[in-house]
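Student:
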Amino acid sequence: MKKLSYSNLKKKVKSANKKEFYALVIALWWIPLGSLWSTAAIWIRYSNKIKKFLGFKSK
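Residue numbers for the sequence shown follow the working numbering, so the first one is 29 and each next one is one higher.
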């Protein structure tokens, strides 16, 4: 099994369409510490929208 890295996860999340993204999040959930990786994937994908919702300025 390959080691997970944040940079590889970021590339996959940014290039995935909606269906692939949800499949990736579900697959990440089932590995050890998967909830953290799933949260990271969701943050990468939606961080600008989350920051805007919370009232933080985004670049």
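Even glycine gets a Cβ: it sits at the ideal position worked out from N, Cα and C.
Let me know if LEU32 comes out buried or exposed under the rule of 16 or more other beta-carbons within 10 Å of its beta-carbon.
Tutor: Result: exposed.
Student: Look at the alpha carbon of ILE54 and the alpha carbon of GLU48, and state the distance between them as a whole number of angstroms.
Tutor: Going by the C-alpha atoms only, they are around 10 angstroms apart.
Student: Can you tell me the Cα-Cα spacing of MET29 and ILE59, whole angstroms?
Tutor: With a pLDDT of 45 at MET29, under the threshold of 50, the predicted position of this residue should be treated as unreliable, and no value is reported.
Student: Along the chain, where does the alpha helix (DSSP H) that runs through MET66 open and close?
Tutor: The question names Met, but residue 66 is Ser in the sequence shown. That run of the alpha helix (DSSP H) goes 62 to 82.
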